[in-house]
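Chains as they are written, first to last, in the numbering used here: chain A, 3 to 163; chain B, 3 to 163. Read through the structure below, which is laid out as structure tokens, and then see the notes.
Protein chains: 2
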Amino acid sequence: MHTATCEHDDHDHPGLTGQALRRALGAAERRCAETDQRLTAPRRRVLELLLEGDAPLKAYDLIAAFGEAGAPAKPPTVYRALEFLERLGFAHRIESLNAYVPCRLEGDSHQAAFLICDCCGAAEEFEPDFTAQLAAAKGAGYAVESITLEARGLCPACRKD
Amino acid sequence: MHTATCEHDDHDHPGLTGQALRRALGAAERRCAETDQRLTAPRRRVLELLLEGDAPLKAYDLIAAFGEAGAPAKPPTVYRALEFLERLGFAHRIESLNAYVPCRLEGDSHQAAFLICDCCGAAEEFEPDFTAQLAAAKGAGYAVESITLEARGLCPACRKD
DNA sequence: AACAGTAGTGTTATGAAATAACATAACGCG
DNA sequence: CGCGTTATGTTATTTCATAACACTACTGTT
Numbered sequence: 003m004h005t006a007t008c009e010h011d012d013h014d015h016p017g018l019t020g021q022a023l024r025r026a027l028g029a030a031e032r033r034c035a036e037t038d039q040r041l042t043a044p045r046r047r048v049l050e051l052l053l054e055g056d057a058p059l060k061a062y063d064l065i066a067a068f069g070e071a072g073a074p075a076k077p078p079t080v081y082r083a084l085e086f087l088e089r090l091g092f093a094h095r096i097e098s099l100n101a102y103v104p105c106r107l108e109g110d111s112h113q114a115a116f117l118i119c120d121c122c123g124a125a126e127e128f129e130p131d132f133t134a135q136l137a138a139a140k141g142a143g144y145a146v147e148s149i150t151l152e153a154r155g156l157c158p159a160c161r162k163d
Numbered sequence: 003m004h005t006a007t008c009e010h011d012d013h014d015h016p017g018l019t020g021q022a023l024r025r026a027l028g029a030a031e032r033r034c035a036e037t038d039q040r041l042t043a044p045r046r047r048v049l050e051l052l053l054e055g056d057a058p059l060k061a062y063d064l065i066a067a068f069g070e071a072g073a074p075a076k077p078p079t080v081y082r083a084l085e086f087l088e089r090l091g092f093a094h095r096i097e098s099l100n101a102y103v104p105c106r107l108e109g110d111s112h113q114a115a116f117l118i119c120d121c122c123g124a125a126e127e128f129e130p131d132f133t134a135q136l137a138a139a140k141g142a143g144y145a146v147e148s149i150t151l152e153a154r155g156l157c158p159a160c161r162k163d
């Protein structure tokens with residue numbers, strides 16, 4: 003695992019609150035209804051935590067933050083919720099970070115691409131264009147189900163110091 | 003972690019032996035010499051195991067296989083060797099598998115792309131063309147250091163059953 | 001050759017991430 | 001209602017990775 007760690011919590015990502023948070027959760031609710039999926043309490047709670055977060059969250063951060071009065075969740079509760087959220091395209095796992103983010107894009111496709119800052123830890127999702135790679139896969143005879151791309155480097159803010 | 007697991011050890015990847023193995027190790031030795039890097043015994047041993055392997059190897063597989071007479075290595079020995087091999091571009095970590103493969107391509111660039119079969123576990127490295135993604139990153143103001151792409155699906159052989 | 005500095009290794013212990021397995025509850029429907 | 005399916009709760013364990021520190025081996029200098 004890389005690290006350049008020069009400490010910047012500033013120049014943060016959004017991290018939804020209040021109105022916007024409720025709207026996002028509502029949208030998820032609706033998308034679940036459309037496909038007869040159930041956004042149950044633990045699933046909703048984990049999604050809420052991800053949406054509130056301003057950076058990729060580790061599973062055990064979620065476990066710790068899950069319960070109201072300092073009562074943590076048990077690991078399987080959170081891992082199962084994450085699995086569900088990933089399956090529906092509401093969240094992504096960032097493999098090189100062992101961490102999770104809410105999906106910031108439209109579409110529920112099983113494609114994701116991230117720019118990850120080695121300095122401040124921010125992870126920005128961007129619209130992936132996998133044309134070239136899908137062509138390569140096709141050439142090799144592979145039937146691709148999902149693609150993830152993770153680019154590591156320095157975000158604009160961290161480049162400047 | 004996904005799985006479709008329909009068991010196929012057939013249609014395997016190469017997995018070097020004898021002549022070819024020695025040639026690959028020799029090449030690594032030479033490339034180290036060029037940059038004043040030392041391919042020490044544990045590093046060489048881990049690279050050898052990776053080259054011999056016909057599929058991505060887990061760190062603890064390497065740990066177990068490391069020693070001659072069933073004597074396993076200690077974790078840090080192998081993890082340190084892997085770190086070195088990755089740094090020099092001799093090996094790649096496949097994040098979505100928690101596993102390692104020897105680099106099958108020329109060039110020591112910090113770019114890697116894999117087609118991973120969810121059925122047989124094979125991982126095929128292919129020449130990455132990240133033009134589109136690098137353009138996106140540039141547009142976002144990121145200074146990219148390294149990129150990894152992992153595509154999951156079914157390999158040609160597994161598609162047929 | 002003696003030395004100092006750096007890079008690499010050995011070893012013990014511990015920490016972090018994820019899952020297995022099984023019991024219980026809630027939902028959807030004939 | 002009663003049955004199958006989906007989801008949750010809970011305990012325990014497994015798998016993956018690193019911290020910390022002592023020791024050794026190479027490198028270049030004088």
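Where is the CB? At the ideal position from N, CA and C, for every residue including glycine.
Query	Result
Own chain residues within Cβ distance below 6 Å of Ala115 (chain A), not counting five before or after	Phe128, Pro130, Leu151
Residue range of the unbroken alpha helix (DSSP H) whose run includes Tyr62 (chain A)	61–68
Ala93 (chain A) - DSSP class collapsed to helix/strand/coil	strand
The stretch 121–135 of chain A: positions lying closer than 9 Å to chain B by Cβ	Glu126, Phe128, Glu129, Pro130, Asp131, Phe132, Thr133, Ala134, Gln135
Burial state of Pro58 (chain B), where buried means 16 or more other Cβ atoms lie within 10 Å	buried
Cβ-Cβ distance between Phe92 (chain A) and Pro77 (chain A) below 8 Å	no
Those residues which DSSP pairs with Tyr102 (chain A) across a bridge	A:Leu59, A:Arg95
Reduced DSSP secondary structure (H/G/I, E/B, other) of Arg40 (chain A)	coil
Positions along the stretch 137–150 of chain B whose CB lies within less than 7 Å of some CB in chain A	Ala138, Ala139, Ala142, Gly143, Tyr144, Ala145, Val146, Glu147, Ser148, Ile149, Thr150
Identity of the residue in B:Ala71, B:Val80, B:Ala75 nearest Tyr102 (chain B) by Cα	B:Val80
Meets three-Cβ-pair contact criterion under 8 Å: the stretch 39–54 of chain A and the stretch 15–26 of chain A	yes
CB contact check: Glu152 (chain B) to chain A, cutoff 8 Å	yes
Chain A within 8 Å of Glu9 (chain B), Cβ atoms only	Interpretation of Glu9 (chain B) is limited by its pLDDT of 49, a score under 50 that renders its predicted location unreliable; no figure is taken from the coordinates.
7 Å CB neighbourhood of His4 (chain A) in its chain, flanking five on each side removed	Because the pLDDT at His4 (chain A) is just 44, under 50, the model does not fix this residue reliably, and the value given afterwards should be weighed accordingly. Here the set comprises Asp120, Arg154.
Whole-Å CB distance - Glu97 (chain A) paired with Glu97 (chain B), under 8 Å assumed	3 Å
Among B:Gly55, B:Cys122, B:Glu108, the one whose alpha carbon lies nearest that of Cys160 (chain B)	B:Cys122
Cβ of Leu156 (chain A) within 8 Å of any chain B Cβ	yes
Local conformation of Phe86 (chain A) per DSSP, three classes	helix
Local Cβ density within 10 Å of Tyr62 (chain A), reported as buried at 16 or more and exposed below that	exposed
The ligand HEM heavy atom lying under 7 Å from the CB of Ala93 (chain A)	Summarising the ligand content, the structure contains no ligands, and the ligand HEM is consequently not present.
Whole-number beta carbon distance between Pro44 (chain B) and Ala83 (chain B), since they are thought to touch under 8 Å	5 Å
Asp163 (chain B) versus Asp38 (chain B) - alpha carbon distance	49 Å
For Ala71 (chain B) and Glu9 (chain A), the rounded distance between their alpha carbons	With a pLDDT of only 48 at Glu9 (chain A), under 50, the local geometry of the prediction cannot be trusted, and no value is derived from it.
is_contact[Glu97 (chain B), chain A] using C-beta, thresh 8 Å	yes
Where Leu117 (chain A) meets chain B, residues with beta-carbon distance less than 7 Å	Ala139, Ala142, Tyr144
Alpha-carbon spacing of Ala139 (chain B) relative to Leu117 (chain A), whole angstroms	7 Å
Simplified DSSP assignment, three categories, for Ala124 (chain A)	coil
Contacts around Ser111 (chain A), its chain only, beta-carbon distance under 8 Å, and the 5 residues preceding and following it disregarded	Gly91
Contact check, Leu18 (chain B) vs Glu54 (chain B), beta carbons under 8 Å	yes
Inter-residue Cα distance where the pair is Pro16 (chain A) and Arg46 (chain A)	19 Å
Spatial neighbours of Gln113 (chain B) in its chain, beta-carbon cut-off 8 Å, leaving aside the 5 residues before and after	Pro130, Phe132, Ser148, Ile149, Thr150
Where the stretch 38–59 of chain A meets chain B: residues whose CB sits under 8 Å from a CB there	none
Short Cβ contact (8 Å threshold) for Leu156 (chain A) with Tyr144 (chain B)	yes
Any C-beta of chain A under 8 Å from that of Arg161 (chain B)	yes
Chain A within 8 Å of Thr5 (chain B), Cβ atoms only	Interpretation of Thr5 (chain B) is limited by its pLDDT of 43, a score under 50 that renders its predicted location unreliable; the figure taken from the coordinates is listed afterwards. No - not a single Cβ of chain A is within 8 Å of the one on Thr5 (chain B).
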